[in-house]
Amino acid sequence: MRITLLGTSSAVPTFRRSLSGTLLERDGEAFLLDCGEGTQFQLMRAGARRGHIGTILLTHLHGDHCYGLAGLLSSMNLNQREKPLLVIGPRGTGRWVEFIQTFPRPMRFNFEIRVKEIPDGYVGDVLEGQDYVVRTRPLLHRLPSQGYRFEEKPLPGRFDTARAEALGIPFGPDRGALVRGESVTLPDGSVVTPDDVVGPPRPGKVFVYCTDTGFCLEAKRLAQDADLLIHEATFSDAMHTMAWERTHSTLRQAATVAKAARVKRFVATHFSTRFDRDSIKELEKEGREVFPDLVMAKDLDVFEI
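When the letters of the sequence shown are read in order and numbered with my numbering, they come out as residues 4 to 308.
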């Protein structure tokens, strides 16, 4: 998985930070998580092609996470896109997409836009591919807000070549069958099972995206044992009351989620515009007291897992 942070600012953009948007690329597929104003420009800066995006997942319908969708869909249409586009999001996503297509007058799109709305409080799968699944949980925010977990399906165990040679398994179809979980019969009549030469299944990689949300248990459950967690960190400890009232997280709270969930890597994002280049260093210290190896996100940062 290759993850590019397109925007790291909360509410409004700054000279250094654009609004929320994150691109996930994996095996030829591209997913866009959130689409704040300016996302198209950030995609260009990142060298990414908007035509490759097959699925857009919106966390919620506050403008800094979805107002860029109108321009993106319009550009896709102008570029003569033909393949369908799937838009997944909470209640209200369908109305937003319909508004884009009909205001100020109905617009004919060259491609089909499929919408999948997530019911309030839903916990479960929202998308499944051949070797991955996307899961969601409701987060704590003023509007219905969803976090997303991209989880690769388990990989086959490692094939023990030395053991296979010792058992006399010839190179070829028999070894492939064993990797697929099938037993094989050798010329001497002996039966070899997968357990004889194939190790236990290996867990796939996991990426989790949580923004916007207050400090909540659902974020921890979603992020459990993830390889990479991107979690909002809008406020500092001194702004704890404001974070509670506006259902956002402080960096210390986000770091606490990451630590409790035992994630391997934690990236903090969605910073308030109150933090400039100097004050954000003080914010970083608060998070490192809980999760020492955290990363303070910057626009166009790239992470691979």
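Beta carbons: idealized from backbone N, C-alpha and C, even for Gly.
**Prompt:** If you draw a straight line from the C-alpha of Leu-72 to the C-alpha of Cys-38, how long is it?
**Reply:** Going from the Cα of Leu-72 to the Cα of Cys-38 covers about 6 Å.
**Item:** Beta-carbon spacing of Arg-19, Lys-301 below 9 Å
**Value:** yes
**Message:** Taking the alpha-carbon of Arg-145 as reference, which of Arg-265, Asp-228, Leu-158, His-251 has the nearest alpha-carbon?
**Reply:** His-251
**Message:** Whether or not the region 236-248 and the region 263-281 are in contact is what I'm after, with contact meaning three or more pairs of Cβ atoms, one per stretch, closer than 8 Å; do they touch?
**Reply:** yes
**Asked** What three-state label does DSSP hand Met-4 in the structure shown?
**Response** coil
**Request:** Quick one: give me the first and last residue of the beta strand (DSSP E) that Cys-213 is part of.
**Result:** Residues 209-213.
**Asked** Where does Lys-262 fall in DSSP's three states?
**Response** helix
**Message:** Considering only the alpha carbon of each residue, which of Thr-96, Asp-304, Ser-23 lies closest to Pro-147?
**Reply:** Thr-96
**Asked** With Gln-45 and Gly-10 assumed to form a contact (beta carbons below 8 Å), what rounded beta-carbon distance in angstroms separates them?
**Response** 6 Å
**Asked** Enumerated in chain order, which unbroken segments of the beta strand (DSSP E) with a length of 3 residues or greater are wholly contained in the region 133-160?
**Response** 135-141, 149-155
**Request:** Determine the direct distance from the alpha carbon of Gln-83 to that of Phe-114, and round the result to whole angstroms.
**Result:** 8 Å
**Asked** By the 10 Å Cβ neighbour count, where 16 or more other Cβ atoms means buried, how is Gly-42 classified, buried or exposed?
**Response** According to the sequence displayed, residue 42 carries Thr and not Gly. With 16 or more other Cβ atoms within 10 Å, it is buried.
**Given Glu-32 as reference, the closest of Ala-51, Gly-57, Ser-21 once Cα atoms are compared** = Gly-57
**Message:** What would DSSP say about Ala-169, mapped onto helix, strand or coil?
**Reply:** helix
**Prompt:** Is it true that the CB of Met-47 sits closer than 9 Å to the CB of Glu-307?
**Reply:** no
**Residue nearest to Ile-233 in terms of C-alpha spacing, selected from Thr-188, Ala-246, Ala-258, Leu-220** = Ranking the options by Cα distance to Ile-233, first place goes to Ala-258.
**Request:** State yes or no: is the C-beta of Ser-23 within less than 9 Å of the C-beta of His-55?
**Result:** no
**Item:** Alpha-carbon to alpha-carbon, Phe-269 and Leu-254
**Value:** 11 Å
**Request:** Could you tell me which uninterrupted beta strand (DSSP E) segments, each at least 3 residues in length, are contained entirely in the region 177-243, listed from first to last along the chain?
**Result:** Unbroken beta strand (DSSP E) runs of no fewer than 3 residues, entirely contained in the region 177-243, are found at 209-213, 231-235, following chain order.
**Asked** What's the gap between the Cα of Leu-130 and the Cα of Leu-89?
**Response** Each residue's alpha carbon lies about 10 Å from the other.
**Local conformation of Val-100 per DSSP, three classes** = In this structure, Val-100 counts as helix in the three-state DSSP scheme.
**Prompt:** Taking all protein chains shown into account, do 16 or more other C-beta atoms lie within 10 angstroms of the C-beta of Pro-141, making it buried, or fewer, making it exposed?
**Reply:** buried
**Request:** Determine, using beta carbons only, whether Leu-60 and Trp-99 come nearer to each other than 9 Å.
**Result:** No; because the gap between Cβ atoms is not below 9 Å, this pair is not in contact.
**Prompt:** Does the distance from the CB of Ala-151 to the CB of Val-209 come in under 9 Å?
**Reply:** Checking the sequence, you will find Tyr at residue 151 rather than Ala. No, these two residues do not count as a Cβ contact at 9 Å.
**Message:** Is the beta carbon of Asp-199 closer than 9 Å to that of Arg-166?
**Reply:** yes
**Message:** So, under 8 Å CB-CB, Arg-94 and Asp-123 are touching, yes? Tell me the CB distance rounded to an integer number of Å.
**Reply:** 6 Å
**Message:** So for Lys-284, helix, strand or coil by DSSP?
**Reply:** Helix, per DSSP.
**Beta-carbon proximity of Thr-25 to Leu-303, cut-off 9 Å** = no
**Request:** Measure the beta-carbon distance from Val-194 to Ile-172 and round it to whole angstroms, keeping in mind my assumption that it falls under 8 Å.
**Result:** About 11 Å separates the Cβ atoms of Val-194 and Ile-172, ruling out a contact at the 8 Å cut-off.
**Asked** Quick one: what's got a C-beta closer than 7 Å to Leu-286's C-beta in the same chain, skipping five residues either side?
**Response** Ser-239, Leu-254, Phe-278
**Asked** In three-state DSSP terms, what is Gly-175?
**Response** coil
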